[in-house]
Ligand code: SF4
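Residue numbers (the working numbering): 9 to 479.
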């Protein structure tokens with residue numbers, strides 16, 4: 009079937025003032041989903057999961073009903089991630105795999121949004137190879153989703169509406185949270201760091217912070233509904249408030265979030281360059297700020313860090329790490345590491361292993377470097393053979409895993425507070441949840457509901473999980 013296509017791609021200079029607006033829901037959209045169902049497929053990071061909750065919130069306002077299975081949904085949203093080429097190929101693969109669902113039910117709407125939609129080459133490929141996608145919209149106009157969906161139903165043509173711009177802040181967006189006791193709360197959007205391998209500043213725009221009062225209000229509303237754990241989200245949370253000309257904006261925000269009294273506060277992601285001593289002190293001083301930190305390092309070698317554009321040296325990272333450990337001895341660390349960055353020698357990789365020996369991370373998200381089209385690093389020769397990259401990854405993972413296991417063994421015999429998430433995904437007979445230290449704990453216990461804070465005595469340790477018994 010050949011459909012007409014309406015394409016609206018707005019390119020604005022990627023600098024400029026931040027637009028602040030409030031989401032307005034027009035009553036006419038309330039009828040759109042009566043008797044219809046939806047399914048949101050989230051790919052990628054927490055920011056996408058949170059966007060998925062906003063899209064679900066809008067669809068619920070439009071009277072759509074949520075279903076878990078794509079084959080039962082009248083509207084299917086592919087909320088995509090562009091951080092790695094493999095992530096994109098995964099989504100293209102899913103679109104091909106689900107093509108028959110669309111062909112068998114032509115009234116079913118396929119919509120694609122998120123970071124992939126911000127890339128012109130992706131839009132071209134979608135229109136050419138996947139013409140059955142009805143709606144493509146970007147990260148900057150998520151608030152226009154109801155209007156765009158209505159247009160798809162009315163005009164029966166493919167709608168593409170994507171804007172490349174510094175980005176704005178829209179408040180009062182609806183939310184349908186995937187958990188009643190754990191919440192992601194955006195504190196800022198975008199990133200100004202421009203690490204040479206990363207596409208995020210191009211797909212999510214420049215750093216822009218939400219106003220503190222709106223963040224606190226969102227937390228208080230969640231807390232009043234029985235919420236227990238809040239994760240403050242941003243690509244670089246430590247830069248919160250810089251665009252608002254705030255002095256030490258993140259620490260100030262963190263303290264005010266702690267003062268709401270919500271049981272647990274986490275934040276994600278931190279950047280070593282912007283991490284301040286006052287933030288360390290706030291983590292130490294407020295019991296409801298969790299003592300677990302994701303602090304991406306990416307490499308243990310200064311030359312590689314310089315070419316990655318990370319903006320810090322390994323000496324700076326060690327100093328920050330050691331300072332955090334000295335002030336908060338019980339703190340746990342996770343990190344991100346890339347192996348096989350262009351030009352990485354055996355010696356430079358050895359520096360990354362030395363870093364791991366020093367930091368003994370509890371967990372690391374490790375990746376083999378692959379070039380991302382549109383980034384400066386993609387122009388560097390990708391000269392490390394895949395076999396070498398894979399070998400380095402294996403060595404690295406084995407090293408990290410041995411430290412993770414040793415760290416976990418120190419918890420055996422101790423009692424940890426766990427936020428129960430219900431039955432374990434792998435074994436319905438036991439419960440699971442995360443401790444304050446962000447350890448996944450599988451435990452035995454009776455009459456415990458998801459959302460309850462439970463004391464669990466740890467009986468056994470594996471590399472990345474703990475076993476225990478509720479006490
Ligand atoms: S800090 Fe670097 S890696 Fe992280 S989102 Fe920003 S540009 Fe990407």
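Backbone N, C-alpha and C fix where the C-beta goes; we use that ideal spot for every residue, glycine too.
Using a cutoff of 8 Å, the CB of residue 138 does not count as near the ligand SF4, since none of the ligand's heavy atoms is closer than that.
Here the alpha carbon of residue 278 sits roughly 18 Å from the alpha carbon of residue 57. If the five residues before and after residue 226 are omitted, its C-beta is found closer than 6 Å to the C-beta atoms of 193, all from its own chain and listed in chain order. Apart from sequence neighbours up to five positions away, the residues of its chain that approach residue 179 with a beta-carbon distance below 6 Å are 30, 222, ordered along the chain. Residue pairing for residue 12: DSSP places it in no beta bridge. At a Cβ-Cβ threshold of 9 Å, residue 271 and residue 236 count as neighbours.
By the Cβ test, the stretch 447-463 is not in contact with the stretch 380-399, since fewer than three Cβ pairs between them sit closer than 8 Å. Straight-line spacing of the CA atoms in residue 339 and residue 331 works out to 11 Å.
With contacts defined by Cβ atoms closer than 9 Å, residue 421 and residue 466 form a contacting pair. Ranked by how close their Cα comes to the Cα of residue 171, the residues 48, 210, 308 have 210 in first place.
Distances from the CA of residue 28 to each of 245, 363, 455, 251 were compared; the closest alpha carbon is that of 251. The stretch 77-113 contains, as complete alpha helix (DSSP H) runs of 4+ residues, the segments 93-105, 107-112 (chain order). Bounds of any beta strand (DSSP E) do not take in residue 138, whose DSSP letter is neither H nor E.
Shown here, residue 176 sits in a strand according to DSSP, grouped into three states. By the CB criterion at 9 Å, residue 128 and residue 16 fall outside the cutoff. Contact annotation: residue 143 and residue 70 have beta-carbon atoms that are not nearer than 9 Å.
Taking the CA atoms as reference points, residue 135 sits about 30 Å from residue 243. In this structure, the CA atom of residue 42 is about 6 Å from the CA atom of residue 72. DSSP assignment within the stretch 162-215 yields the following whole alpha helix (DSSP H) runs of 4 residues or more, N-terminal first: 208-211. Around residue 64, the same chain offers 48, 74, 184 as residues with beta carbons nearer than 7 Å, after the five sequence neighbours per side are excluded. With respect to the C-alpha of residue 218, the residue from 362, 177, 189, 166 having the closest C-alpha is 177. At a cut-off of 3 residues, the continuous stretches assigned as beta strand (DSSP E) that sit fully inside the stretch 40-84 are 45-50.
In this chain, residue 390 is not harboured by any alpha helix (DSSP H), its DSSP state being neither H nor E. DSSP places residue 373 within a strand segment (E or B) once states are collapsed to three.
Under DSSP, residue 234 takes part in no beta bridge, so it has no partner. Leaving aside the five residues that flank residue 363 on each side, the residues in its chain whose CB is nearer than 6 Å to its CB run, in chain order, 308. The C-beta distance from residue 102 to residue 118 rounds to 11 Å, too long to fall under 8 Å, and the pair is not in contact.
If you compare the alpha carbons of 444, 432, 351 with that of residue 423, the shortest gap goes to 444. Residue 317 has its alpha-carbon roughly 13 Å from the corresponding atom of residue 346. Look at residue 415 here: in three-state DSSP terms it is helix. DSSP places residue 26 outside both helix and strand once states are collapsed to three, so it counts as coil. With fewer than 16 other Cβ atoms from the protein chains shown falling within 10 Å of its own Cβ, residue 13 counts as exposed. Put simply, the residues with a CB less than 6 Å from any heavy atom of the ligand SF4 are 199, 201, 202, 203, 206, 208, 209, 243, 244, 279, in chain order.
DSSP places residue 315 in the helix class (H, G or I) of the three-state scheme. Within 10 angstroms of the beta-carbon of residue 106 lie 16 or more other beta-carbons, which makes it buried. When the five nearest sequence neighbours on each side are left out, the beta carbons in the same chain lying within less than 8 Å of the beta carbon of residue 336 are those of 288, 291, 292, 299, in order along the chain.
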